[in-house]
Structures are given as structure tokens and as C-alpha cells.
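Trainee: Using the numbering used here, the first residue of the sequence shown is number 18, and each one after it goes up by one.
Next up is a structure, given as C-alpha cells.
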Amino acid sequence: MFIAFVYARRTKNPVIRSYLLYTIILETWLFTHIFYWASPFETWTTWAFRILSITWLPVGLFYLEFVYIFSQNLNSRTQTTKSRSLLGSKTFSLEIFLWFFRIGIPILYLITLFTNWIIHGTAHYYWGNENEPSPLYYFVILIFITFPSFIGLGILTKSLLTSEGEQKKQISLVLFGSTFLILASLYYEVIQIDDQGRLLSPPLTSIGILVQSFLIFIAITRYGFLKINVEGLATELFRDIHDGMILIEQDRSLFFINESAIKILGISNFLPSHFFPSDFLKDYQENLDHFSKEYKPVFNADCRGIELTRSNIQLTGKGNGHLFILRDISKKIESREKIESIYSAFNKDLEIAKIAQTSAISTKFPESRKFKFYSHFQPFELVGGDFLKALQRSDGKLDVFFADVSGHGISSAMVTGMLSISFQLAVETNPTPKEALEKIQSLLLNAVLNHHVSAVYFSFDPNTKILEYSYAGHHPILVFREGKVIPLEGEGRILLITSETELNNYTFQF
């Protein structure tokens with residue numbers, strides 16, 4: 018559980034990474050006890066113990082590595098220039114010890130595997146099996162496990178004496194947990210043995226591991242163990258990213274600003290000691306929420322807008338601070354304006370298309386005592402290619418033109434407008450329905466390239482009550498007579514689908 022929690026927080030932090038490695042090696046060592054105590058005594062058990070020695074040989078090294086990196090992160094924010102120079106010489110000495118252990122432990126592991134100098138055999142106790150130590154076994158434990166562990170305790174103790182506030186609390190937890198683990202391990206693994214080096218009681222090192230893990234877990238969750246030097250991490254992480262990052266202390270004094278923020282704000286010629294957003298962003302107002310808002314910069318005329326996000330952050334030893342994230346949204350604003358322009362133009366085109374379609378559908382019809390119009394129009398789409406016109410000719414006949422342009426939308430509506438003009442031109446010559454459709458085809462053939470038109474054209478003589486009609490791929494005319502529906506037969510090719518037409522004239526007597 019502890020490993021999973023730490024891993025989920027931040028594995029790229031060197032302190033966390035070193036703690037994870039140390040914890041994993043401890044947990045692995047702990048799990049090997051299941052094998053030690055549960056497996057029966059066999060001839061191969063000694064070999065198994067020698068192979069599994071890799072789980073406990075590097076414990077001291079990994080602990081010292083963790084404490085070393087942990088203390089470096091603590092001291093990097095609290096040391097002066099002179100004290101850092103002194104710290105550097107001590108760090109060099111500690112590095113020598115670390116390399117001694119780093120090189121020595123692999124060599125010791127090979128010696129453990131292929132000789133009986135460290136593990137002589139297997140000792141069987143009432144609780145299970147344990148290593149039967151050779152004379153060098155306890156020397157190895159003292160030099161390569163106990164010694165680096167006590168060095169780590171010394172480093173933690175020194176850090177405890179020079180730290181303050183929450184740092185002191187978290188170091189106390191780490192120090193107490195580590196001390197308990199080391200002393201418990203030393204007592205049960207080294208002190209509690211007889212003259213032959215055999216254990217006098219079950220080793221309870223696992224209790225020490227549990228106590229240490231629990232205390233460090235408290236340090237993580239309560240005292241911000243993972244927040245060590247977060248401002249240093251911010252400096253490393255945010256220096257070269259595209260977004261601007263500004264870190265300020267509670268009194269608004271500038272702690273960190275990256276190059277992107279300087280460029281976005283247009284302040285490359287000067288750096289302020291304090292950061293007040295209202296000095297750099299037009300119409301800025303303090304707000305408790307953390308939602309991003311858009312502002313115009315005061316000093317950068319080339320930047321059309323800045324998206325600003327604010328967040329609270331805790332600084333080591335300095336209380337609360339604020340993190341500002343700035344993003345140049347000039348391209349976003351340009352894109353938004355283009356979209357708005359296109360949308361506005363589209364709406365204008367849509368209005369024109371509506372007007373065109375309205376003009377293509379007759380709502381007022383010729384009036385006569387010999388005939389009467391009833392009509393209803395319900396378009397399927399907002400703007401489409403439906404067409405209906407009725408005109409009374411100079412010879413007294415009534416010409417009606419039904420049409421449906423392929424497709425829907427603005428382009429279809431535009432074609433209906435062209436149909437309206439073509440129909441009026443065709444009617445002027447008092448043509449037959451076939452001639453009228455052929456005239457409309459000839460007028461639109463070279464102008465309309467991506468649409469075709471299904472249509473029916475009829476001419477009604479109110480004096481003779483003869484209906485002449487012609488089809489161009491349209492549905493038939495329906496005649497209602499004495500309670501019956503009579504479809505008027507006929508056929509013809511759709512207009513504008515080819516350059517030639519196949520049309521016919523038909524008649525019906527009312």
C-alpha cells in the first residue's frame with residue numbers, strides 16, 4: 018500500500034525514486050521470509066538462501082542513497098554560499114563511501130553465491146529455516162548494512178538539528194522510523210545469537226520495516242514529505258516549456274519566472290521584484306476561483322490575448338504562494354475570429370437562401386371564377402430545393418410548374434431561384450408543357466452543374482377544361498373525381514441529368 022501510494026504521487030522526484038528503491042528492496046527481503054519459514058529442509062535450500070541474499074545485501078546501500086538524496090534536497094534551500102562550499106566537500110567524502118558500497122556489494126554477492134565464506138549452510142529452527150552463518154557473515158552485516166545505516170542516521174540527525182517547522186517534523190518521523198528498524202534488525206539479527214552464531218529467537222525485523230513504512234507514510238500525507246523543494250522542481254520543470262510560469266510568494270515577491278512568461282508579458286527589458294497581475298494585464302481583477310480567464314497584455318503589442326490560470330501552492334519554509342500559468346492565445350483568437358466571420362457569412366447566405374426559396378414557392382395564385390387554388394407547403398429541411406409557381410398566360414391559360422432540385426441546403430435553394438426566372442421566361446412564348454421544360458433545360462444546362470431537377474409542367478385551359486401536361490421524372494398528377502383518385506399517366510427524363518431531353522405532351526379532359 019505504501020509503495021503504491023508513493024508511486025502514484027511523483028516517481029520522477031529523485032527523493033521519491035530513491036525511497037521507492039529502498040522500500041522495494043525491504044519488502045522483497047520481507048517476503049523471502051515466507052520461503053525461509055515455510056519451505057521444508059532440502060539439500061538445495063542453502064543454494065536458495067545464497068541466491069536470495071541479493072534481497073538483504075544492498076539494504077544499507079539503498080538506505081544511505083535515500084538519506085543522501087533526501088538531505089541534499091533539504092540543504093539546497095537552506096544553505097548559504099559559504100556553507101554550500103563546505104557541504105560540497107562533505108558530499109564528496111560521502112560519495113566515496115557510496116561508491117565503496119556500490120562496488121563492494123556485487124563482489125560480495127558473487128562471493129556468497131560461489132563460496133561458503135558468508136553462508137555456510139542451512140540451520141533449522143522451530144519457526145523455520147535460516148542461514149547458517151560463516152565467520153564473515155556478521156562482518157559483512159556490520160560493514161555493508163549496519164555501518165551505512167548508522168551513517169544515514171547521522172545525516173538525518175544533523176539535518177534535524179538545522180531544520181525548522183514542518184521540515185523538522187518530517188525528518189523526525191523518518192529518523193525515528195529508521196532508528197527503530199535499524200535497532201530492531203541489529204538486535205534480532207546480530208545480538209540475539211549463541212556462540213555458534215545461531216539465532217536465539219525468531220527475527221522480528223519485519224516489525225521494524227512496518228513501523229518505518231508507517232511513519233514515512235505519515236510524513237508523506239501530513240507534513241508534505243513529497244513537497245520537498247517544490248519550487249526547485251518548478252524551476253527545473255517549467256524553465257523551457259511553451260506556457261509561461263510565474264511563481265510568487267505570499268507577499269507577491271517574485272520567486273520564479275520562466276522565459277516563456279517573460280516573452281508573453283513583453284517584459285524582457287526588466288524583471289519586477291514583485292508580481293501583481295493588474296500591472297501587466299488589462300482589466301485584471303482578483304478572483305478566488307481558479308478558472309482560466311482571458312486578458313490583453315499591457316506591454317506586449319504583438320500578443321492579442323493571454324489565458325491566465327491561477328493556483329495556490331505551498332512553498333518550503335515560506336508558507337503559501339501562488340502559481341500563475343500564462344498562455345499566448347493569439348492564434349486561438351485569430352481562429353475564433355475566422356470562425357465567427359465564416360459563421361456570419363454563412364448566416365447571411367442562409368438568409369439569402371431563405372428569401373430565394375420563399376420566392377420560389379407561390380403563396381398568391383391567379384384568381385378566376387372558373388378555377389380556384391388550394392395549396393400547402395411543408396419543407397423537410399430548413400432550406401431546400403422545392404419549387405412551385407403558377408402564372409396566367411396572355412392567351413388565358415393557366416401554367417403551373419412543380420419542381421424539386423436534387424439535394425438540400427443553400428445551393429439547392431439557389432437553383433430554385435434560377436428555376437423561377439427560367440419559368441417566367443418560358444411562359445412568355447405560350448409554349449406547350451414539353452416546349453416549356455425544354456426551354457428551362459436549355460437555359461440552365463450550362464449554369465447548373467451539380468444538381469438535377471425533377472419536374473411536372475401543366476397548362477390548363479379554363480374554357481375547354483383541357484389539361485396539357487409533361488413529366489420530367491416527377492410524381493404523377495392526381496385527379497380527385499367522384500371519390501376516386503386518378504393518377505395521370507406519363508413519363509419523361511429528369512432535367513439537367515443529360516444534355517438531351519426525352520419529354521412528351523399529354524392531355525386530360527375534365
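Using N, Cα and C, we set each Cβ at its ideal position, and we do this for glycine too.
Because the structure is a prediction, the values reported are computed rather than measured.
1. Using 8 Å as the threshold, is the C-beta distance between residue 229 and residue 195 below it?
2. If I measure Cβ to Cβ from residue 166 and keep anything under 6 Å in the same chain, skipping five residues before and after, which residues do I get?
3. Please determine, among 365, 330, 490 and 122, the residue with the shortest C-alpha to C-alpha distance to residue 421.
4. According to DSSP, residue 476 sits in a beta bridge with which residue or residues?
5. Classify residue 187 as helix, strand or coil using the three-state DSSP reduction.
6. Grouping DSSP H, G and I as helix and E and B as strand, with all else coil, what is residue 406?
7. Residue 519 by DSSP, collapsed to three states: which one?
8. How would you call residue 536, buried or exposed, if buried means at least 16 neighbouring beta carbons within 10 angstroms?
9. Just list the residues that DSSP pairs residue 136 with in beta bridges.
10. Among the candidates 262, 118, 381 and 112, whose CA atom is the shortest distance from the CA of residue 159?
11. For the alpha helix (DSSP H) containing residue 386, name the first residue and the last one.
12. Below 8 Å on the Cβ atoms is my contact criterion, and I expect residue 233 with residue 191 to pass it. Report the Cβ-Cβ distance as a whole number of Å.
13. Indicate the three-state DSSP secondary structure (helix, strand or coil) for residue 228 in the structure shown.
14. Within the present structure, is the beta-carbon of residue 382 separated from the nearest heavy atom of the ligand PLP by less than 7 Å?
15. Once you ignore the five residues that flank residue 202 on each side, which residues in its own chain have a CB closer than 7 Å to its CB?
16. Using beta-carbon positions only, say whether residue 281 and residue 304 come within less than 8 Å of one another.
17. For residue 74 and residue 32, I'd like the C-alpha separation in whole angstroms.
18. Please determine if the region 289 to 304 and the region 356 to 371 are in contact, where contact requires at least 3 C-beta pairs separated by less than 8 Å.
19. What residue range is occupied by the uninterrupted alpha helix (DSSP H) comprising residue 165?
20. What did DSSP end up calling residue 344 once you bin it into helix, strand or coil?
21. May I have a chain-ordered list of the beta strand (DSSP E) segments no shorter than 3 residues that lie completely inside the region 297 to 333?
22. DSSP on residue 79, reduced to helix/strand/coil?
23. Can you give the Cα-Cα distance for residue 97 and residue 45, rounded to whole angstroms?
24. Suppose contacts are defined by Cβ-Cβ distances below 8 Å. Is residue 465 in contact with residue 488 by that definition?
25. Looking at the structure shown, is residue 524 part of a helix, part of a strand, or coil, going by DSSP?
26. For the alpha helix (DSSP H) that residue 450 lies in, which residues bound it at each end?
27. Just curious, the beta strand (DSSP E) that residue 498 is in, first and last residue?
28. Could you spell out the range, first to last residue, of the beta strand (DSSP E) harbouring residue 264?
29. Can you tell me the Cα-Cα spacing of residue 204 and residue 289, whole angstroms?
30. Taking 7 Å as the limit between beta carbons, can you name the residues of its chain near residue 448, skipping five residues before and five after?
31. Please list, in chain order, all residues of the same chain as residue 458 whose beta carbon is under 6 Å from its beta carbon, the five residues on each side excluded.
32. Report the partner residues of residue 271 according to the DSSP bridge assignment.
33. By DSSP's criteria, residue 504 is part of a beta bridge. Which residues make up the other side?
34. Can you pull the DSSP bridge partners for residue 337?
35. Across which residues does DSSP place residue 471 in a beta bridge pair?
36. Check each candidate in 468, 500 and 266 and name the one with the smallest Cα separation from residue 514.
Mentor: Well, looking at it:
1. yes
2. 77, 80 and 199
3. Comparing Cα-Cα distances from residue 421 to each of 365, 330, 490 and 122, the minimum goes to 490.
4. 416 and 485
5. helix
6. strand
7. coil
8. As displayed, the chain neither begins before 18 nor continues past 527, which places residue 536 out of reach and without an answer.
9. 150
10. 118
11. Taken as a continuous stretch (DSSP letters only), residue 386 belongs to no alpha helix (DSSP H), as it is neither H nor E.
12. 6 Å
13. helix
14. For the ligand PLP, the structure offers nothing, since it holds no ligand at all.
15. 222 and 225
16. no
17. 21 Å
18. no
19. 164 to 179 is the extent of the alpha helix (DSSP H) around residue 165.
20. strand
21. 310 to 312 and 323 to 332
22. helix
23. Unreliable positioning characterises residue 97 in this predicted model, as indicated by a pLDDT of 40, which lies under 50. A coordinate reading is not provided.
24. no
25. The answer is strand: DSSP assigns residue 524 an E or B state.
26. 450 to 461
27. 495 to 498
28. 261 to 265
29. 59 Å
30. 456
31. 512 and 518
32. DSSP lists 265 as partners of residue 271.
33. 495
34. 331
35. 421, per the DSSP bridge assignment.
36. Of the listed residues, the one whose Cα sits closest to residue 514 is 468.
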